[in-house]
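A.B. asks: Under this note's numbering, the residues of the sequence shown are numbered 2 to 266, in order.
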Amino acid sequence: MQPLLNIAMRAARRAGDIIVKSLSRLDSLKVDTKGRNDFVTDIDRKAEADIIATIRRSYPQHAILAEESGGSGEDEFRWIIDPLDGTTNFLHGFPSFAVSIAVEQRGRLQHGVVYDPMRQEFFTASRGDGAQLEGKKIRVSTQRTLEGALIGTGFPFRADAKYVDEYLSMLKLVMSTAAGVRRPGAASLDLAYVAAGRIDGFWEFGLSPWDTAAGTLIIQEAGGRVGTPSGAEYALGSNIVAGNPKVYEALLEAIGPLTPAALRT
Ligand code: IPD
Ligand code: CA
Ligand code: CA
2 MQPLLNIAMR AARRAGDIIV KSLSRLDSLK VDTKGRNDFV TDIDRKAEAD
52 IIATIRRSYP QHAILAEESG GSGEDEFRWI IDPLDGTTNF LHGFPSFAVS
102 IAVEQRGRLQ HGVVYDPMRQ EFFTASRGDG AQLEGKKIRV STQRTLEGAL
152 IGTGFPFRAD AKYVDEYLSM LKLVMSTAAG VRRPGAASLD LAYVAAGRID
202 GFWEFGLSPW DTAAGTLIIQ EAGGRVGTPS GAEYALGSNI VAGNPKVYEA
252 LLEAIGPLTP AALRT
């Protein structure tokens with residue numbers, strides 16, 4: 002296995018252990034509010050510090066972009082870290098959250114790990130090597146249409162909350178066409194599920210680079226597609242549409258025209 006992927010997995014497992022151990026004392030966690038309905042706990046910070054320490058032991062010179070502590074260093078390699086994706090779920094003991102770690106080299110994603118510590122599932126990919134779940138190759142689903150598809154999404158609740166009516170018209174169209182729509186609440190895991198064929202497509206507005214870096218590489222390596230709501234190439238920080246190739250196209254066709262100009266890229 003690639004040494005960088007190995008370190009990313011080690012860091013994710015350690016962070017996952019920290020998160021799971023803390024579930025028994027959720028009531029005593031220190032919770033801060035970053036914005037309306039946007040929370041951070043001492044566990045997010047502790048997990049992030051542990052991930053960064055693990056990386057630094059092997060790669061002290063690499064740059065880092067981490068959700069809670071921000072960016073540091075300049076190097077051709079950069080680690081992009083969400084130590085706990087799905088903090089609101091975690092705070093409620095709702096078992097859908099993940100650790101997401103990606104490595105890019107000269108701005109190109111090379112490795113991605115999404116780890117679900119509750120199910121102890123590792124979704125991984127290295128560029129050109131395909132995508133794996135627990136070491137076994139995964140592929141996106143073979144569903145061909147939006148009819149019959151299971152679609153994941155995330156509800157707008159931050160700056161994008163002002164577009165809730167536009168979002169609801171998309172949701173209405175997708176839910177009246179697809180077999181089902183899910184909003185589990187951890188974007189990195191949603192993307193990993195697209196890669197594993199557990200959902201056929203996904204869209205969300207307002208995600209950050211640490212939510213999507215690992216998941217988008219894992220989808221592409223599993224044969225799926227990732228783009229913006231206008232069908233342009235996805236770049237970290239864009240609004241996102243993803244899926245197996247057919248459902249990706251169908252989802253774009255459905256929600257693209259309903260997407261306000263400000264959310265198209
Ligand atoms: C959040 C989750 C959620 C998504 C939010 C993200 P966090 O991450 O991924 O599914 O809808 O936009 O911010 O804040 O729990 O790391
Ligand atoms: Ca996140
Ligand atoms: Ca987070």
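Just so you know, even glycine gets a beta-carbon here, dropped at the ideal spot from N, CA and C.
#1: Go ahead and pull the three-state DSSP assignment for residue 142.
#2: Expressed to the nearest angstrom, what Euclidean distance is found between the alpha-carbon atoms of residue 78 and residue 18?
#3: Output yes or no for whether 8 Å exceeds the beta carbon distance between residue 196 and residue 103.
#4: Taking 7 Å as the cut-off, does the CB of residue 155 come closer than this to any heavy atom belonging to ligand 1?
#5: Can you tell which of 145, 5, 50, 7 has its C-alpha closest to the C-alpha of residue 85?
#6: Pull every residue with its beta-carbon under 5 Å away from any heavy atom of ligand 2, and keep them in chain order.
#7: For residue 134, count the other beta carbons within 10 Å of its own beta carbon; 16 or more makes it buried, fewer makes it exposed. Which is it?
#8: Does the beta-carbon of residue 76, which I'm using as the reference point, lie nearer than 7 Å to any heavy atom of ligand 3?
#9: Give every residue of the same chain whose Cβ lies closer than 8 Å to the Cβ of residue 263, excluding the five residues on either side of it in the sequence, and list them in chain order.
#10: Can you tell me which of the three DSSP states residue 49 falls into?
#11: Mind checking which residues open and close the alpha helix (DSSP H) that includes residue 91?
#12: Is DSSP giving residue 17 helix, strand or coil here?
#13: Looking at the strands, I want to know which residues DSSP matches up with residue 181.
#14: According to DSSP, what are the bridge partners of residue 105?
#15: Helix, strand or coil for residue 241? Go by DSSP, reduced to three states.
#16: Measure the beta-carbon distance from residue 21 to residue 118 and round it to whole angstroms, keeping in mind my assumption that it falls under 8 Å.
#17: Which parts of the region 196–259 are runs of the beta strand (DSSP E), unbroken and 3 residues or longer, counting only runs that do not cross its ends?
#18: If distances are taken between C-alpha atoms only, which option among 76, 69, 106 comes closest to residue 88?
#19: Got a sec? Which residues, its chain only, sit under 8 Å from residue 55 by beta carbon, not counting five neighbours each side?
#20: Counting only the same chain and skipping the five closest in sequence on each side, list residues whose C-beta sits under 6 Å from that of residue 5.
C.D. replies: By the coordinates alone:
#1: As a working mapping, residue 142 is identified with position 141 in the sequence shown. Coil.
#2: Position 77 of the sequence shown, counted from the first residue, corresponds to residue 78. Position 17 of the sequence shown, counted from the first residue, corresponds to residue 18. When the Cα atoms are used, residue 78 and residue 18 turn out to be separated by approximately 26 Å.
#3: As a first step, residue 196 must be located in the sequence shown, where it is residue number 195. As a first step, residue 103 must be located in the sequence shown, where it is residue number 102. No. Outside cutoff.
#4: Position 154 of the sequence shown holds residue 155. Proximity of the beta carbon of residue 155 to ligand 1 is indicated: a heavy atom of the ligand is located closer than 7 Å.
#5: Taking the first residue of the sequence shown as position 1, residue 85 is located at position 84. With distances taken between CA atoms, residue 85 lies nearest to 50 out of 145, 5, 50, 7.
#6: Chain order is used for the residues whose beta-carbon lies nearer than 5 Å to a heavy atom of ligand 2, namely 83, 86, 212.
#7: As a first step, residue 134 must be located in the sequence shown, where it is residue number 133. With 16 or more Cβ atoms within 10 Å of its Cβ, residue 134 is classed as buried.
#8: Within the sequence shown, the letter at position 75 stands for residue 76. Because no heavy atom of ligand 3 lies under 7 Å away, the Cβ of residue 76 does not count as near it: no.
#9: Numbered from its first residue, the sequence shown carries residue 263 at position 262. Within the same chain, 164 come within 8 Å of residue 263 by CB-CB distance, once the 5 residues on both sides are set aside.
#10: By 1-based counting over the sequence shown, the position of residue 49 is 48. Looking at residue 49 - three-state DSSP - the assignment turns out to be helix.
#11: Residue mapping note: residue 91 aligns to position 90 of the sequence shown, counting from 1. Per DSSP, residue 91 belongs to the alpha helix (DSSP H) from 88–93.
#12: As a position in the sequence shown, residue 17 is number 16, starting the count at 1. Helix at residue 17.
#13: Translated into positions along the sequence shown, residue 181 becomes position 180. 151, per the DSSP bridge assignment.
#14: Reading the sequence shown from its first residue, position 104 is the one you call residue 105. DSSP, once it has assigned bridges, lists 79, 110 as partnering residue 105.
#15: Here residue 241 refers to the residue found at position 240 when the sequence shown is read from its first residue. Residue 241: strand per DSSP, three-state reduction.
#16: Numbered from 1 along the sequence shown, position 20 holds the residue referred to as residue 21. Numbered from 1 along the sequence shown, position 117 holds the residue referred to as residue 118. About 5 Å separates the two Cβ atoms, so the contact holds.
#17: Entirely contained in the region 196–259, the beta strand (DSSP E) runs reaching 3 residues are, in chain order, 202–205, 226–228, 241–244.
#18: As a first step, residue 88 is located in the sequence shown; it is residue number 87 there, counting from the start. For residue 88, the nearest C-alpha among the options comes from 69.
#19: Position 54 of the sequence shown, counted from the first residue, corresponds to residue 55. Closer than 8 Å at the Cβ level, and outside the excluded window around residue 55, lie 8, 11, 12, 15.
#20: On the sequence shown, residue 5 is found 4 positions in, with the first residue counted as 1. 104, 112.
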